[in-house]
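Take -2 as the starting number for the sequence shown in this note's numbering and just add one per residue.
All residues carry an ideal CB built from backbone N, CA and C; glycine is no exception.
A quick note: this is a predicted structure, and the numbers were derived from the prediction, not measured.
Shown next, in structure tokens, is the structure this report addresses.
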Amino acid sequence: MLQPARRKYRKEFRGTMSGIATRSNTLSYGDFGIKTQECGWLSAAEIESARRTITHHTKRVGKSARRTITHHTKRVGKFFLRVFPHKPITNKVAGARMGSGKADISGYVAVVKPGQILMEISGVSREIASEAIRLASHKLSVKTKFIEKNND
């Protein structure tokens, strides 16, 4: 799972999510990408699941492949992750009474805004990239869309 190496403060306030992304809103590294259409939190598990789906979908040897976890081409394409789960999330145990301080950290999330690029792919065809991103978008809890370099 993705998580920060070290933090100055262990716990953080919830914060607010408003506005649109002013940075990280254009493709920088790849030819195709996933762009968010709404704000939300992406957990480290969601990001990792989407990453594995994309990397496996772009590394398969046609129909003769034995493993179904990987798809279409062999060792083709490059993947770029543009978000990282920096925000710690706390969760109280079930049945705990109110009070007694803030709970322990249960995981980390990435805060995303509308228009933010989550992941990018390069070195694969448009068909493979769109299918890989379609499969990966099902793993994410925010609404996303497929974008290309020449027409963001």
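6 Å Cβ shell around residue i - same chain, five flanking residues per side excluded
| i | result |
| --- | --- |
| Gly27 | Phe77, Glu117, Ile118, Ser119 |
| Asn88 | Ala100, Ser103 |
Simplified DSSP state of residue i, which is helix, strand or coil
| i | result |
| --- | --- |
| Glu124 | helix |
| Glu117 | strand |
| Ser40 | strand |
| Thr65 | For Thr65, the predicted model reports a pLDDT of 36, less than 50, meaning its position is unreliable and no value from the coordinates is stated. |
| Thr141 | strand |
| Glu45 | helix |
| Leu(-1) | coil |
| Ile17 | coil |
| Ala129 | helix |
| His53 | helix |
Option in the options with minimal Cα separation from residue i
| i | options | result |
| --- | --- | --- |
| Phe10 | Ile114, Ala47, Ile102 | Ile102 |
| Gln34 | Lys5, Leu115, Leu24, Arg3 | Leu115 |
| Ile144 | Ile17, Lys32, Gly12, Val90 | Lys32 |
| Ala2 | Gly37, Pro85, Thr23, His135 | Pro85 |
| Gln0 | Leu132, Val106, Lys140, Gly96 | Val106 |
| Phe81 | Val121, Leu39, Ser134 | Leu39 |
| Ala126 | Lys146, Ser138, Lys110 | Lys146 |
| Val121 | Arg94, Gly74, Leu132 | Gly74 |
| Lys8 | Ser15, Ser21, Gly98 | Gly98 |
Identified DSSP bridge partners for residue i
| i | result |
| --- | --- |
| Phe76 | Ile118 |
| Ala107 | Leu39 |
| Ile102 | Thr87 |
| Ile31 | Met116, Phe143 |
CB-CB length for residue i against residue j, believed under 8 Å
| i | j | result |
| --- | --- | --- |
| His83 | Ala129 | His83 to Ala129, Cβ: 26 Å. No contact. |
| Glu43 | Leu137 | 6 Å |
Residues near residue i in its chain [Cβ-Cβ closer than 7 Å; skip 5 each side]
| i | result |
| --- | --- |
| Ile17 | Lys110, Pro111, Gly112 |
Cut-off 8 Å between Cβ atoms - residues of its own chain near residue i, not counting five sequence neighbours on either side
| i | result |
| --- | --- |
| Glu45 | Met(-2), Leu(-1) |
| Lys152 | The question about residue 152 has no answer, for the chain in this structure spans -2 to 149. |
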